[in-house]
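Below: the structure, in structure tokens.
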Amino acid sequence: MPPTLFISDLHLSRERPALVEAFRALLAGPVREAAALYVLGDLFDVWLGDDQLHDPLAAGVATALSASADAGTRVYLQRGNRDFLLGERFARAAGATLLPDAIVHPLYGTPTLLMHGDQLCTDDLKYQRFRAWWADPSHRRRFLALPWFARRGIGAMLRSASRRANMGKPETIMDVSADAVVAAMREHRVARMIHGHTHRPARHELVVDEARCERLVLADWYDRASYLRVGEEGIEARTYEGSSRG
Ligand SMILES: [Mn+2]
111 MPPTLFISDL HLSRERPALV EAFRALLAGP VREAAALYVL GDLFDVWLGD
161 DQLHDPLAAG VATALSASAD AGTRVYLQRG NRDFLLGERF ARAAGATLLP
211 DAIVHPLYGT PTLLMHGDQL CTDDLKYQRF RAWWADPSHR RRFLALPWFA
261 RRGIGAMLRS ASRRANMGKP ETIMDVSADA VVAAMREHRV ARMIHGHTHR
311 PARHELVVDE ARCERLVLAD WYDRASYLRV GEEGIEARTY EGSSRG
């Protein structure tokens, strides 16, 4: 059976064209052989609404993803904390299925909880307040009704405020809370979860209610393209040097 690939935290933007190329190469390479591709959030460095598809980079990413879908790889998208305004219009353009923020999918027989991971950083109260505010559909609607230039301005302001805030935060606050991980595993009755967001790729083992569980954390794309390959044979983290990178 073909493998399933997981990526997150690409933060694609015009500032880093090499990564956009690496993403295209990944789609044209390993993704073609895969049964499914899961993007677990922060595909884009910022998403201000689906009319961002007017941006050639965004449109190109959607087209490349939909080519993968057309070639037979199922494409699933989750929203991250940078692109939480990704909507159905983008998903349609990308030939992708937009998933809720936390969902259990069976992977080769193992029910696996999938999420971006920001919701596990419960010690970061300031960020969780921000997240709760944006979770309100009326707040989202109001923001999305603003003209493009206004959203772009507000987005830039929020990003620089978040950078300033994160500089002052202790490392532990920026990671997931152990209690939140256990609570999520219990709530969704799973022994395995995969998430991104923290940029701390790892395979953690833990015991929840006497059951052995594991938590797989995806790598970001700041230095190199990487993905997690899940197959019948097991799980493997891989980096990817696309042929078009050079
Ligand atoms: Mn994130």
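Residues in the sequence shown are numbered consecutively from 111, following this note's numbering. Yeah, the Cβ is synthetic: ideal placement off N, Cα and C, and Gly gets one too. Just so you know, these numbers come straight off a predicted model, no measurement behind them.
Label Gly196 either buried or exposed according to how many other C-beta atoms from any shown protein chain fall within 10 Å of its C-beta, with 16 as the threshold for buried. The sequence shown places Leu at residue 196, rather than the Gly named in the question. So Leu196 counts as buried.
Taking Cβ to Cβ, would you say Gly223 is nearer than 8 Å to Ala138? The question names Gly, but residue 223 is Leu in the sequence shown. No, the Cβ-Cβ distance between Leu223 and Ala138 is not below 8 Å.
Taking the alpha helix (DSSP H) that Gln238 falls in, what are its first and last residues? Leu235 to Ala245
Would you check if there are 3 or more beta carbon pairs closer than 8 Å linking the stretch 119-137 to the stretch 245-257? no
Please report the Cβ distance between Leu328 and Leu338, rounded to the nearest whole angstrom; I am assuming they are in contact, meaning their Cβ atoms lie under 8 Å. 6 Å
State the DSSP-derived secondary structure class of Ser176, mapped to helix, strand or coil. Helix at Ser176.
Report yes if the CB atom of Phe133 is closer than 8 Å to the CB atom of Ala335, and no otherwise. yes
I need the straight-line Cα distance from Gly265 to Val300, nearest angstrom please. Straight-line Cα distance between these residues: approximately 36 Å.
At a cut-off of 7 Å, is Asn191 close to ligand 1 when judged by its beta-carbon and the heavy atoms of the ligand? Yes.
So who's on the other strand from Gln188, going by DSSP bridges? Leu150
Alpha carbons only, please: which of Ile213, Arg184 and Leu175 is nearest the one belonging to Glu297? Ile213
On the CB-based measure, 16 or more other CB atoms within 10 Å of its CB, does Ala191 come out buried or exposed? Reading the sequence as shown, one finds Asn at residue 191 and not Ala. Buried, because 16 or more other Cβ atoms sit within 10 Å of the Cβ of Asn191.
Option nearest Pro210 by Cα separation, candidates Leu326, His226, Arg202 and Ile117: His226
In chain order, what residues of the same chain lie with their CB nearer than 7 Å to the CB of Thr349, ignoring the 5 residues before and after it? Arg334, Ala335 and Ser336
In the DSSP assignment, the alpha helix (DSSP H) including Glu131 goes from what residue to what residue? Pro127 to Ala138
Alpha-carbon to alpha-carbon, Trp331 and Thr183: 22 Å
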